[in-house]
Structure formats: structure tokens, C-alpha cells
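The structure under discussion appears below in the form of C-alpha cells.
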Amino acid sequence: MKEKKMAALLRPAAVLFLTCLLVTLAVAGTNAVFAERIALQEAATLSASMRKVLAADTYETVHTSAAGEPDAYRGLDTGGGTVGYILITSENGYGGAVSVMTAIQDEKILAVSILDVSSETPGLGQNAAKPDFTNQYTGLTSAPTVVKSGAGTGEIDALTGATITSKAVTRAIEAAFALYEEVGN
Amino acid sequence: MKNETLSTLTNGILKENPVLRLVLGTCPTLAITTSATNAIGMGVAATLVLICSNVVISALRKVISDQVRIPAYITIIAGFVTIVQMVVKALSPALDAALGIYLPLIVVNCIILGRAEMFASKNGVVLSALDGLGMGIGFTLALLLMGCIRELLGAGTLFGFPITAGLIEPMTIMLLPPGGFFVFGILVALAGLTGKRKKQGSNTSGCASCPAGELCGKSEGGTE
Amino acid sequence: MQMVITILISGILTDNFVLAKFLGICPFLGVSKKLDTAVGMSVAVTFVMVLATLVTYPLYKYVLLPKSLDYLQTILFILVIAGLVQLVEVVLKRFIPPLHRALGIYLPLITTNCAVLGVTLLHFTNANVSTFPLALLNALAGGLGFLLAMVIFAGVRGRLETCDIPKALQGLPITLIAAALTSLSFLGFAGLADGLFG
Chain A
1477 MKEKKMAALL
1487 RPAAVLFLTC
1497 LLVTLAVAGT
1507 NAVFAERIAL
1517 QEAATLSASM
1527 RKVLAADTYE
1537 TVHTSAAGEP
1547 DAYRGLDTGG
1557 GTVGYILITS
1567 ENGYGGAVSV
1577 MTAIQDEKIL
1587 AVSILDVSSE
1597 TPGLGQNAAK
1607 PDFTNQYTGL
1617 TSAPTVVKSG
1627 AGTGEIDALT
1637 GATITSKAVT
1647 RAIEAAFALY
1657 EEVGN
Chain B
176 MKNETLSTLT
186 NGILKENPVL
196 RLVLGTCPTL
206 AITTSATNAI
216 GMGVAATLVL
226 ICSNVVISAL
236 RKVISDQVRI
246 PAYITIIAGF
256 VTIVQMVVKA
266 LSPALDAALG
276 IYLPLIVVNC
286 IILGRAEMFA
296 SKNGVVLSAL
306 DGLGMGIGFT
316 LALLLMGCIR
326 ELLGAGTLFG
336 FPITAGLIEP
346 MTIMLLPPGG
356 FFVFGILVAL
366 AGLTGKRKKQ
376 GSNTSGCASC
386 PAGELCGKSE
396 GGTE
Chain C
347 MQMVITILIS
357 GILTDNFVLA
367 KFLGICPFLG
377 VSKKLDTAVG
387 MSVAVTFVMV
397 LATLVTYPLY
407 KYVLLPKSLD
417 YLQTILFILV
427 IAGLVQLVEV
437 VLKRFIPPLH
447 RALGIYLPLI
457 TTNCAVLGVT
467 LLHFTNANVS
477 TFPLALLNAL
487 AGGLGFLLAM
497 VIFAGVRGRL
507 ETCDIPKALQ
517 GLPITLIAAA
527 LTSLSFLGFA
537 GLADGLFG
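Chains as they are written, first to last, in this note's numbering: chain A, 1477 to 1661; chain B, 176 to 399; chain C, 347 to 544.
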């Protein structure tokens, strides 16, 4: 009686186990095929962004985040001299993390590029990626205050209807300055 | 035989449209339809998973016994979702970022598990593939409809091309959650008008097509 | 401490799982008709969310990531959730029958609830959730937000019963429009966490 029960349980369990095994193999196989391509894509996107904010001959990693990802680069020219630093920081915005790339040289921001703003609202927060917004940070020596309109020195205009996203980007730039202090010496 | 294959295919597009009639897969419908391009991306990804899982589950239907069928289906579906995730990441990182967590969430999309349970486990491979394709097309079309409406009203663009953007101030609320619920509600009402509703009862939420549907109904009915 | 409050506020109010993130819509629309079923379902969901985070977070962070196996995340997470739900049901039935009678019917539904899989995945894209205890808190906040949304909506639907609704809108359409208005009210919380801490 017990034997019959065992046999009845064994077959479905075996089928389930085999299914799991086959699926895992299929997925691992696909991963082997695509992993390199995905890594190349990501590297290409990253270097394109880096070139946009800081023109340099080579970029060397000078700091990695707690998660093991490089988050600070030093840009070098052909002579080996430092052209500037690139910092990658992220802060929570409206719907998730907003990732910002800041280029700083001699304590001044050269350029800001938004890496990932997909968690923000399209048409509102996602406009943070536009140069109209990011250009406001160029030339600043510290994180500005976010105001609704009529920004003076040390202030920037928030995006219409997206104060939270604007503040998140500013907080990320503040973190970039902190990271710069850490690596830029 | 030919009639059967054709009707299996068109079934999912109109008569039993998974989103507007059966009301399955509501989460991505509301979340991803902020732009027409995202809607198509999600629709195509889900259709791919649906066809593949339908085919495999149908092929294995005689082998997978009843007791382990739900975990087995989930494993197979999760496998295909992971594969599609990798393909999307490799071919279009922009789409991957736009779809966010809703791409892996295709795994718990009631449409796929529901069709596996209702159709693929009881029919042949070719018919199951066609059912998957039909349901997938229906899903994509419904998403596209909602995406176009929300993008046009909410941002004044269609597929990224400005249509009314410079002329009228767009209603951004359409891109936010309330807009999603509202447009979906209106579309379901319209879909109901253009044909008989699935059930003329108080619970037309389509839970009936979900494998856990009876439990949903039980929990509702038991305390009535 | 500030992070704790930020996570609680964003999980329950500003980033409400149902009304802002569109996770868990099926049970939201299906089970929110009566208050007691709404509460029962939400409690079960919160419980599974925290339990699932308890198992999946360390699995991902300390097993999958270090071994570059992160592509197995989706499969592993959903199977863990399905397994946990089964386990919880069996344990409840055996050791706490009254609780099983109250919550038991909702448990199988929770496996396919996007909110549970969603919360386990979202921990890793949320810049505020940097440690394991914060992830557990985040899961709890998500569940409580789900509860809040369900309870409020049960009240709204209760009032809808006594209203005169045009035939075309009866049933699901008016429920969705009511959800739109409820979600609109939650938009008012946007910026709360930001504003509290400047």
C-alpha cells in the first residue's frame, strides 16, 4: 500500500524535476549565447555617455561602489594628464532610482548627463534627460537649490510638474561632489 | 478543420480578447500603456512567451500529471520569460529600461497561465500555437489602443512624433495612474457595448478564466 | 531612522503598490467588494510578501549575484514564492486551523499576484533599500499599502452599490473609474517623504 503511494508520488515529482532541469539548461544556454552581446551593448552605451560629458583619450576606473560597479572614472589625455573626473551616482526619484553621470574638473561641473530616468513619468520627469534641464548644472561648484522658477545664482529651475525628479537629480549631483572629494585628490 | 484553426486564431483578437473581454493581464495593461511604442514592445514580448509556452505545454500535456501541473507550467513560462528578457536586453536596451520590472512580471500574467490551463493542456500543438498567437495579437492590439489614446491625450505625441504637442496643452494626468484606470474603464465599457458581455452577473471581472478563478469566486460568494 | 520613515511613507502612500505601481490589480478588482474579504486577502498578501523577501533577498544577493547567475532571478523567485505559498498553506492547516480557515482560500491566489513577485524584484531597483532589514521593511510597507488601498476601495465600492449607474458602465467599468478617482487622491501624497526631510 505504502509502495503504491510512493510510486504514485514519484512519477509526478520526477516529471517536475526533469522540467526544471530542462528549463534551467535552456535558460543557461541562451545566457551563454547572449551574455557577451549584452555586456558589449552596455559597455558601448556607457562609453558613449562618458564621451559626451568629458572628452578624453582614455578613462581609468578610480572607484567602485559597494555593489561592485565602477562609479568614478578619471579621464586622461594622450600625455597622461588628467582632463577631469566622471562620477556616476543615483538617487530615488518619483518612481524609482534616477541615475546621473557628472563630469567635474577643478571643482567645477563640466557637464551632466542623465543615464537612466525610465522610472520617472514620461512627459514630466523624463524631461530631465533634455539638455534644457541638465545644462543648468554646468559651471556650478556645488549642488544648487531647486526652485520653481526664476533661478538666481546657486539655484536651478525645477522641471514643470516634476519637482521630485528635479530634486532627485540635484541630490545625485550632491553625491557626485562628495565622491569627487573622495577620489579627486 | 480549416474553420477550427481560423476561429482559434481570431478568437483571441475579438470575441475573447484577453484584456477587454476576459479582463486578464490588467497589470501590464495599466502600467505600460503610457506610450504606443512601449505598448507594442510589451505586447510582442508577451506574445512570444505565450506562443512558446503554449507549444511546449501542449507538447508535454500527456506527460505532466495533474498534481504538479501548476508548478510545471510556472517553470516553463518562467523559462521563456527569462529567454525573452535576454533577447530584449540584447536587441533593445531602451525597451528593456522602458518595460522595467513588467518584463519579468509577464511570468505571473494571468493570460499566459490561464491559456495554458484552459487551452494548451487540452489541445494539440498547432492549435495551441494559434491560440497563443491569437491571444497575443488581441493583447497587443488592446495595449496599442490604450497606449495610443494615453500618449495622444497625455503627451500630444504618437510613437514619439508630435501630433498636437505644440498646439494644445496635453493632459498629463492621462500618463499617470488615474488616467490609466480611467481609459481602461471606458474601453471595457465600449467593448461591452459592442457585443454580449461574458457574464451578465455582478462579477464580470473575468476571474473565471484565471486558474485560481473559482477560489476568487468562492471567497466572494462564500461571504455574500 | 529617516530612511525607515521614508520607506514606510513611500511604500504605503506615495508609491502605493496598487494605486501607483499597478501591481496586484486582479485581486484589487476582484476581492475588494466586501470589507472582510478585502482585509483577509491583504493580510495574507502582506504575510507572503515579507516571507518571500526573507527568502529571495539573501538568495539573490549572496548566491545568484556573486556567481553571475542573476539571469535565473525570475525563475527562482517565482518558484520560491509558489513553494512558500504551498508550505504556508500546509503549515497553517496543520497547526493553526482557524487562521487557515480565515486566510487559506486566498493563499493559492497569491502565487499569481504580481504584487508579490513585484515587491521581491523591486527591492533591487530601489535606491533606498540598501540592506536586508530595510528590504523586509519595504515589503511590509508594500503590504500595508495594499491593505490601505483595498480597505479604502472596499468602502468606495460599498457606496457604489447604492448608486444609479448607467447600464454600459455597470460592473467593471465603473469599478475602474472609481479606482481612477481613488488613485487620483493618492497622487496628493507625492513629495511627502521629500518634503518631510527637505
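All C-beta atoms, glycine included, are put in the ideal place defined by N, C-alpha and C.
The structure displayed is predicted, hence computed values, not measured ones.
**OP:** Give every residue of the same chain whose Cβ lies closer than 7 Å to the Cβ of A1619/A, excluding the five residues on either side of it in the sequence, and list them in chain order.
**Re:** T1646, I1649, E1650, F1653
Reduced DSSP category for R372/B - H, G, I as helix; E, B as strand; rest coil:
Bear in mind that the predicted position of R372/B carries a pLDDT of just 48, short of 50, making it unreliable; the figure below should be weighed with that in mind. In this structure, R372/B counts as coil in the three-state DSSP scheme.
- Task: Note down, in chain order, each residue of its chain lying with its Cβ closer than 6 Å to the Cβ of K379/C, except the 5 sequence neighbours on either side.
- Result: R503
Does DSSP put E395/B in a helix, in a strand, or in coil?
Summary for E395/B: the model assigns pLDDT 38, below 50, so the residue's position carries little reliability; its value from the coordinates is reported in the next sentence. DSSP places E395/B in helix when its eight states are reduced to three.
Skipping 5 residues on each side, what residues in its chain have a beta carbon closer than 6 Å to that of G1630/A? P1620
Q. Since G1572/A meets chain C, which of its residues come closer than 9 Å, beta carbon to beta carbon?
A. D361, L468, T471, N472, A473
ask   = Which class does V475/C belong to by DSSP, given the choice of helix, strand or coil?
value = coil
Original post:
G429/C versus chain A: which residues are under 9 Å apart at the beta carbon?
Top reply: Going along chain A, no residue has its Cβ under 9 Å from G429/C, so there is no contact; the nearest lies around 11 Å.
Q: Please confirm if S388/C has its CB atom under 9 Å from at least one CB of chain B.
A: no
- Task: Throw me the rounded Cβ distance for the T347/B and G329/B pair, which I believe falls under 8 Å.
- Result: 6 Å
**Asked** When we look at the beta-carbon of V1529/A and count the other beta-carbons within 10 Å, is it buried (16 or more) or exposed?
**Response** buried
Of the choices A461/C, F499/C, L506/C, A536/C, whose alpha-carbon is the least far from that of N484/C? A461/C
**Request:** With a cut-off of 8 Å on the beta carbons, I'd call T315/B and G200/B a contact; round off their distance for me.
**Result:** Rounded, the Cβ-Cβ distance is 11 Å, inconsistent with contact.
- Give a yes or no on whether 9 Å exceeds the smallest Cβ distance from L1530/A to chain B. no
(request) Let me know if E1596/A comes out buried or exposed under the rule of 16 or more other beta-carbons within 10 Å of its beta-carbon. (result) buried
(message) Am I right that S233/B and G313/B are in contact with their C-beta atoms under 8 Å? What's the rounded C-beta distance?
(response) Between G313/B and S233/B the Cβ distance is about 19 Å, and since that is not below 8 Å, they are no contact.
To the nearest angstrom, how far is it from the Cα of I287/B to the Cα of S296/B?
12 Å
Inset, instruction - Establish whether the CB of S1625/A and some CB of chain B are separated by less than 9 Å. - result: no
Whose CA, out of P279/B, I226/B, S182/B, lies closest to the CA of V256/B? P279/B
Classification of R440/C by the beta-carbon crowding that lies within 10 angstroms, buried from 16 upward: exposed
- Task: Classify R325/B as helix, strand or coil using the three-state DSSP reduction.
- Result: helix
**Item:** When L181/B, N186/B, I215/B, T185/B are compared against A317/B, the one with the closest alpha-carbon
**Value:** I215/B
Leaving out the 5 sequence neighbours to the left and right, which residues in its chain are closer than 7 Å to S1566/A when beta-carbon positions are compared? A1573, V1574, S1575, V1576, A1648
Does any C-beta atom of chain C lie closer than 9 Å to the C-beta of I361/B?
yes
Discussion item. So A384/C and V426/C are supposed to be a Cβ contact under 8 Å. How far apart are they, rounded?
Written reply: Their Cβ separation, rounded to whole angstroms, is 26 Å, which puts A384/C and V426/C out of contact at 8 Å.
Original post:
Between the region 1583 to 1592 of chain A and the region 202 to 211 of chain B, do three or more beta carbon pairs fall short of 8 Å?
Top reply: no
Alpha helix (DSSP H) segment containing G1544/A, residue limits
Looking at the DSSP string, G1544/A is not in any alpha helix (DSSP H), and its letter there is neither H nor E.
message: What does DSSP give as the partner residue(s) for Q1581/A in the beta ladder?
response: K1584/A
By Cβ distance below 7 Å, which residues in the same chain neighbour S303/B in space, the five residues on each side in sequence not counted?
-> N229, V230, S233, F294, A295
* **Cut-off 7 Å between Cβ atoms - residues of its own chain near S377/B, not counting five sequence neighbours on either side** => Here S377/B scores only 33 on pLDDT, less than 50, and its place in the model should not be relied on; the value that follows carries that caveat. So the list is empty, once near-sequence residues are dropped.
Item checked: Cβ-based neighbour list, I239/B, same chain, cut-off 6 Å, excluding 5 preceding and 5 following -> A247
Next on the checklist: On the DSSP bridge list, what partners appear for P337/B?
Outcome noted: T332/B
L1635/A in three-state terms, based on DSSP:
strand
Just verifying my parser: in three-state terms, what is the DSSP assignment at V1559/A? strand
Coil, strand or helix - V1623/A by DSSP:
strand
> First and last residue of the alpha helix (DSSP H) that includes G429/C?
Replying inline: 419 to 441
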